[in-house]
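A.B. asks: Quick one: the structure is below, and I'll ask about it shortly.
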Amino acid sequence: MGVTVSGGGLPGHNASQLNYPDGIFIHEKLKRLYISDSLNNRVQVFPLDQSTVIGLTVIPHVNTCTKIYVDDDDNDFPTIYVGSSNGNRVEKWAKDSTQGVQVGNSCRGCTGV
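Residues 1 to 113, numbered by UniProt numbering, are exactly what the sequence shown covers, in order.
Structure below.
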């Protein structure tokens, strides 16, 4: 049986809503679910070990984010790699970053990491 973690079938921009979720990553060690919320241009994180689940924006302002990968190099805030399809690049977001750093060459319509 599935469990709804976020959203309710309608697009939205609040902490408990998504607008075209495109990629997910489960960080088993931290018990967190990361979701690239494409049309809200953000990456949300949801705790999997709590009964009340409200998303927290960990990366704002990613131009149409697609797929994501989360490295477990830091327990508090792991490095996150996110594809930006309209930005034509993959960005690396490390702890305390205020903006992503492009990784590699640009990629037209990046859809994966």
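For every residue, glycine included, the Cβ atom is placed at its ideal position computed from N, Cα and C.
Would you decide whether Pro60 is buried or exposed? Buried here means 16 or more other CB atoms lie within 10 Å of its CB.
C.D. replies: exposed
A.B. asks: Less than 8 Å between C-beta atoms, sequence neighbours within five positions excluded: which residues of the same chain meet that for Gly7?
C.D. replies: Ser16, Gln17, Leu18 and Pro21
A.B. asks: Just how far apart, CA to CA, sit Arg89 and Thr4?
C.D. replies: 30 Å
A.B. asks: So Thr66 is in the beta strand (DSSP E); what residue range does that whole segment cover?
C.D. replies: Cys65 to Val70
A.B. asks: Is the beta carbon of Phe46 less than 8 Å from the beta carbon of Leu33?
C.D. replies: Yes, these two residues count as a Cβ contact at 8 Å.
A.B. asks: Are the Cβ atoms of Asp72 and His27 separated by less than 8 Å?
C.D. replies: The Cβ-Cβ distance between Asp72 and His27 falls below 8 Å.
A.B. asks: Among Gln102, Gln50, Gly2 and Phe25, which has the Cα closest to the Cα of Val62?
C.D. replies: Between Val62 and the set Gln102, Gln50, Gly2 and Phe25, the nearest pair of CA atoms involves Gln102.
A.B. asks: Can you give me the Cβ contacts of Gly55 inside the same chain, cut-off strictly under 6 Å, excluding the 5 residues immediately before and after it?
C.D. replies: Ser6, Ala15, Gln44 and Phe46
A.B. asks: Which partner residues of Ser36 appear in the DSSP bridge assignment?
C.D. replies: Ser36 is bridged by DSSP to Gly23 and Val43.
A.B. asks: Would you tell me roughly how many angstroms separate the C-alpha atoms of Gln99 and Gly83, rounded to the nearest one?
C.D. replies: 14 Å
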